[in-house]
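Just so we're aligned, residue 3 is where the sequence shown starts under this note's numbering, counting upward by one. Backbone N, C-alpha and C fix where the C-beta goes; we use that ideal spot for every residue, glycine too. Before any comments, here is the structure.
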Amino acid sequence: MIELGSQGPVIECRSLTKRYGDVVAVDGISFTLERGTVTGFLGPNGAGKTTALRLLLGLAEPTSGGALVFGRRYRELEQPLRRVGAVLESGDYHPSRNGRDHLRVLALAAEIPPARVEEVLELVGLGRAATRRVRTYSLGMRQRLGVAAALLGDPELLILDEPANGLDPAGVRWLRTFLRDLAAAGRTVLVSSHLLAEVAQTVDQVLIIDHGRLLAQGPLNELTNADKTLEDIYLELTGSESR
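What follows is the structure in structure tokens.
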């Protein structure tokens, strides 16, 4: 296990903006994430969540502003896979490979010991399915495989885009417990999701975005109360009820 750092925020976004022609996908969002927290990144389809995550991971260049991970741009990190694990797409696999071989290829490319493959397969509950071809996996199993890939480097930061899609109730419960355990161990998790009731049981804080703008951010227990649930606040801010 790597030694966790202790200086500064894990993620820092400063007026992060991304335009595609006349379309503003991310509009000047600013926030920081501290260690040992699980943060829910919420918003309707097309709100700008995935674009913001791509900007964080250096998969797209901001039009203005910036995003730092451990005080640097992602591409400037040494051994980035050992500091940041991410799942943005669940279909990034060769369908003829089995689950174990898929992870072995990724581990080899990142110079990660093969023994780590077996560890993450067990962590995500795919040990028995490791020899099955990925094309035979259910959506939920592919989600678990994506999480396993993100965990290969034993990262300090985990970024997950809709990781609960396709998971059955047992899988959703497993994911909730797993993310909370990561935070308890000092890791940091940023997770986007549409499952508001599940998010409310999992996260410490939330970021709510719509039309590229950050509408609310803060600890969950400060944003909600006996009269207003996370769902109430989300629907009020995004106007989703009228869509």
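Neighbour flag for residue i against chain C, beta carbons, 9 angstroms
{"i": "R37", "result": "In the structure shown, chain C does not exist; there is a single protein chain."}
Segment limits, alpha helix (DSSP H) that includes residue i
{"i": "G142", "result": "141-153"}
{"i": "Q203", "result": "198-204"}
{"i": "K230", "result": "Segment: none, K230 is in no alpha helix (DSSP H) and carries neither H nor E."}
{"i": "E124", "result": "117-125"}
{"i": "T52", "result": "51-58"}
{"i": "V107", "result": "101-111"}
For residue j and residue i, the rounded distance between their alpha carbons
{"i": "L61", "j": "Y139", "result": "27 angstroms"}
{"i": "G42", "j": "G73", "result": "21 angstroms"}
{"i": "T52", "j": "A228", "result": "31 angstroms"}
{"i": "H196", "j": "L44", "result": "7 angstroms"}
{"i": "E14", "j": "A109", "result": "28 angstroms"}
{"i": "G241", "j": "L222", "result": "20 angstroms"}
{"i": "Y236", "j": "R106", "result": "40 angstroms"}
{"i": "R85", "j": "R77", "result": "12 angstroms"}
{"i": "E113", "j": "R16", "result": "33 angstroms"}
{"i": "D24", "j": "L83", "result": "34 angstroms"}
Contact check, residue i vs residue j, beta carbons under 9 angstroms
{"i": "G31", "j": "G48", "result": "As written in the sequence, residue 31 is Ile, which differs from the Gly given in the question. Not a contact, by the Cβ cut-off of 9 angstroms."}
{"i": "N100", "j": "R134", "result": "yes"}
{"i": "A67", "j": "R75", "result": "Here the sequence assigns Gly to residue 67, which means Ala is not the residue at that position. Contact flag unset, no."}
{"i": "V149", "j": "V174", "result": "no"}
{"i": "R182", "j": "V40", "result": "yes"}
{"i": "A151", "j": "R102", "result": "no"}
{"i": "L160", "j": "V122", "result": "no"}
{"i": "V193", "j": "L162", "result": "yes"}
{"i": "Q57", "j": "P64", "result": "Note on identity: in this sequence residue 57 is Leu, with Gln being the wrong assignment. In this structure, P64 lies closer than 9 angstroms to L57 by Cβ."}
{"i": "G168", "j": "G129", "result": "no"}
{"i": "L239", "j": "A202", "result": "no"}
{"i": "L177", "j": "P165", "result": "yes"}
{"i": "P157", "j": "G220", "result": "no"}
In DSSP terms, what residue i is bridged to
{"i": "T190", "result": "L159"}
{"i": "R135", "result": "N100"}
Extent of the continuous beta strand (DSSP E) run through residue i
{"i": "V71", "result": "66-71"}
{"i": "F219", "result": "Sequence inspection shows Gln at residue 219; the Phe mentioned does not correspond to that position. Its beta strand (DSSP E) spans residues 215-221."}
{"i": "G30", "result": "25-35"}
{"i": "I114", "result": "Element bounds for I114: n/a, residue is neither H nor E."}
Practice problem: Answer yes if the region 116-127 comes into contact with the region 188-197, meaning at least three C-beta pairs across the two stretches below 8 angstroms, and no otherwise. | Solution: Because the criterion of three Cβ pairs below 8 angstroms is not met, the region 188-197 and the region 116-127 do not touch.
Quiz prompt | the region 201-216 touching the region 17-35, judged by at least three CB pairs closer than 8 angstroms | solution = The answer is yes - the region 17-35 touches the region 201-216, with three or more Cβ pairs under 8 angstroms.
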